[in-house]
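First the structure, in the form of structure tokens, and then the observations on it.
This is how it looks when you write it as structure tokens:
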């Protein structure tokens, strides 16, 4: 059984040997993931701390496991339909469109975005940046090879967003999967096409410590199901960063059950499904 | 005993029971009621509406870090785990399924037991797996009150029997007696 003191010792141990700071993570779920780490590694907190201090690769592995990396292609189709019909058309006239995926995990959200941009004829003008706290996740994102069977259910999401028109059920848009990814049923893999893989710029970035590391502001920031792992204080800090990194009128998309609770909410107009930075 | 919250877990065969329970609670019910129910992965909308038809209390799927208030029924959103954090608010997580479930009843019950200690009423209803059994045990171990729906009445008794195996539950009640008990707290 992990006590609250153990959690504090774990956080201190990581802080001693790296820049990672988990002080302001949501307590209940963080504690549970530490419990799971100890069981999976057959170690107690002291052994874990000692090994992290000596072995950088092990530390990175622990950070990968302590952060949550659930993602899927076109996760929450309603959100993608909002992007397709309400948000992206408003950006189409721009010469360049700057997009930041903050906390991109294994990358499915980036490729969903690139596919949608391509279908809307907006891929050329888009500059897509993706960041994650964990280097292993960034490598997975770049590689863009996923388990086929596991992702099979998500091809439904592809159909809903790309092939169907929610405003006209008669209309079916014929877009073959092979246009965007190769499916290998024997190897059980689905791999994104090269022209998609080469499009995004990937950088390591820690929302706790780092500011806007790109030499640009953004028209659209997506950060979905990331700030649920942060307490109110850290959430405010991160939303502040996003607010400062957005152009006026820029769009911010959070997870389906995330919202801006702090004072920085005043900088945004809220519409169902997204936030938009105010003009003033 | 003055309780601070009621938490209810249910799975297969619990929908009608939950509907009956919440239909009987008055709009000014003095406790928050937290529902953690298994549902189909892709049935994301419509569930709140279906439950709301009969309910006099407002039913909401909470957002992350929402404060927990009396007089409301909170339903764990599809595909998220729902935790109760210290300071009487919710947090959400998309970590892996626990007991093949997200939301997991165990996780919600563990965190609620930790926050409310003896001021929590935990109720397990009909269900086809064991998720919730260890959660109810944690409510009991923290001094809270534990109730299971009578297995003879359950459409699928696996979850209630597993709970009774895991801990010495305080009450085995029919749906009607669960309702009467909850009303007696008002």
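Residue numbers (my numbering), protein chains in the order written: chain A, 1 to 280; chain B, 1001 to 1186. Using N, Cα and C, we set each Cβ at its ideal position, and we do this for glycine too.
Alpha carbon of residue i to alpha carbon of residue j, nearest angstrom
| i | j | result |
| --- | --- | --- |
| residue 1094 of chain B | residue 166 of chain A | 27 Å |
| residue 111 of chain A | residue 200 of chain A | 9 Å |
| residue 171 of chain A | residue 1051 of chain B | 34 Å |
| residue 19 of chain A | residue 223 of chain A | 22 Å |
| residue 207 of chain A | residue 1169 of chain B | 45 Å |
| residue 86 of chain A | residue 116 of chain A | 13 Å |
| residue 164 of chain A | residue 173 of chain A | 6 Å |
| residue 28 of chain A | residue 92 of chain A | 42 Å |
| residue 1057 of chain B | residue 1182 of chain B | 14 Å |
| residue 73 of chain A | residue 198 of chain A | 18 Å |
| residue 1075 of chain B | residue 1039 of chain B | 11 Å |
| residue 4 of chain A | residue 10 of chain A | 10 Å |
| residue 78 of chain A | residue 221 of chain A | 17 Å |
| residue 42 of chain A | residue 1005 of chain B | 36 Å |
| residue 1022 of chain B | residue 260 of chain A | 30 Å |
| residue 1106 of chain B | residue 211 of chain A | 38 Å |
| residue 151 of chain A | residue 1088 of chain B | 37 Å |
| residue 1171 of chain B | residue 1146 of chain B | 7 Å |
| residue 278 of chain A | residue 217 of chain A | 15 Å |
| residue 1008 of chain B | residue 1139 of chain B | 12 Å |
| residue 101 of chain A | residue 34 of chain A | 27 Å |
| residue 160 of chain A | residue 1180 of chain B | 46 Å |
| residue 65 of chain A | residue 48 of chain A | 13 Å |
| residue 1167 of chain B | residue 31 of chain A | 24 Å |
| residue 262 of chain A | residue 186 of chain A | 50 Å |
| residue 1047 of chain B | residue 1015 of chain B | 10 Å |
| residue 106 of chain A | residue 250 of chain A | 25 Å |
Contact check, residue i vs residue j, beta carbons under 8 Å
| i | j | result |
| --- | --- | --- |
| residue 1103 of chain B | residue 1081 of chain B | yes |
| residue 26 of chain A | residue 1049 of chain B | no |
| residue 1141 of chain B | residue 1173 of chain B | no |
| residue 1037 of chain B | residue 1010 of chain B | yes |
| residue 147 of chain A | residue 188 of chain A | yes |
| residue 38 of chain A | residue 44 of chain A | yes |
| residue 1108 of chain B | residue 1135 of chain B | yes |
| residue 193 of chain A | residue 181 of chain A | yes |
| residue 1160 of chain B | residue 1148 of chain B | yes |
| residue 67 of chain A | residue 104 of chain A | no |
| residue 275 of chain A | residue 252 of chain A | yes |
| residue 1189 of chain B | residue 1097 of chain B | Coverage of chain B is limited to positions 1001 through 1186, which leaves residue 1189 of chain B absent and any answer about it impossible. |
| residue 120 of chain A | residue 114 of chain A | no |
| residue 255 of chain A | residue 236 of chain A | no |
| residue 1079 of chain B | residue 1100 of chain B | no |
| residue 6 of chain A | residue 231 of chain A | no |
| residue 81 of chain A | residue 52 of chain A | no |
| residue 1186 of chain B | residue 1077 of chain B | no |
Reference residue i, options the options, closest by Cα
| i | options | result |
| --- | --- | --- |
| residue 1054 of chain B | B/1169, B/1019, B/1160 and B/1006 | B/1019 |
| residue 1002 of chain B | B/1166, B/1064 and B/1121 | B/1121 |
| residue 1017 of chain B | B/1057, B/1163 and B/1175 | B/1175 |
| residue 153 of chain A | A/61, A/22 and A/71 | A/71 |
| residue 1125 of chain B | B/1186, B/1035 and B/1047 | B/1035 |
| residue 191 of chain A | A/219, A/239, A/162 and A/108 | A/108 |
| residue 176 of chain A | A/158, A/168, A/169 and A/186 | A/158 |
| residue 248 of chain A | A/280, A/237, A/255 and A/232 | A/280 |
| residue 1153 of chain B | B/1098, B/1177 and B/1185 | B/1177 |
| residue 227 of chain A | B/1064, B/1039 and B/1008 | B/1064 |
| residue 204 of chain A | A/250, A/225, A/141 and A/52 | A/141 |
| residue 1066 of chain B | B/1077, B/1091, B/1079 and B/1144 | B/1091 |
| residue 178 of chain A | A/198, A/169 and A/155 | A/155 |
| residue 134 of chain A | A/162, A/63 and A/101 | A/63 |
| residue 264 of chain A | A/65, A/239, A/272 and A/258 | A/239 |
| residue 69 of chain A | A/145, A/162 and A/136 | A/136 |
| residue 233 of chain A | A/168, A/22, A/2 and A/250 | A/22 |
| residue 162 of chain A | A/90, A/36 and A/84 | A/84 |
**OP:** Could you say if the segment 1023 to 1032 of chain B and the segment 1062 to 1070 of chain B meet the contact criterion of at least three C-beta pairs nearer than 8 Å?
**Re:** Cβ pair count under 8 Å is three or more, so yes.
Original post:
Would the segment 1113 to 1133 of chain B and the segment 46 to 62 of chain A be scored as touching if the rule is three or more Cβ pairs under 8 Å?
Top reply: No, because fewer than three Cβ pairs between the segment 1113 to 1133 of chain B and the segment 46 to 62 of chain A fall closer than 8 Å, the two stretches do not touch.
**OP:** Give, in chain order, every unbroken run of the alpha helix (DSSP H) that is at least 4 residues long and sits entirely within the segment 114 to 154 of chain A.
**Re:** Listed in chain order, they are 135 to 143 and 148 to 151.
**OP:** Let me know the beta strand (DSSP E) ranges lying completely inside the segment 1041 to 1102 of chain B, each 3 residues or longer, listed in chain order.
**Re:** 1073 to 1075, 1081 to 1085 and 1089 to 1093, all fully within the segment 1041 to 1102 of chain B.
**OP:** Answer yes if the segment 259 to 272 of chain A comes into contact with the segment 228 to 247 of chain A, meaning at least three C-beta pairs across the two stretches below 8 Å, and no otherwise.
**Re:** The way I'd put it, the segment 228 to 247 of chain A does touch the segment 259 to 272 of chain A; three or more beta-carbon pairs between them come closer than 8 Å.
**OP:** Kindly confirm or deny that the segment 125 to 144 of chain A and the segment 86 to 105 of chain A touch, where touching means at least three C-beta pairs closer than 8 Å.
**Re:** These segments touch.
Original post:
Which whole runs of the beta strand (DSSP E) in the segment 1121 to 1153 of chain B are 3 residues long or more, in chain order?
Top reply: Counting only runs of 3 or more, we get 1145 to 1149.
**OP:** Would you list, in sequence order, the uninterrupted alpha helix (DSSP H) runs of no fewer than 4 residues that lie entirely inside the segment 20 to 88 of chain A?
**Re:** For the segment 20 to 88 of chain A, whole alpha helix (DSSP H) runs of length 4 or above, ordered along the chain, are 27 to 41, 45 to 54, 56 to 66 and 77 to 82.
Subject >> Runs of beta strand (DSSP E) wholly within the segment 213 to 256 of chain A (minimum 3 residues, chain order) >> reply: You should have 218 to 223 and 246 to 254.
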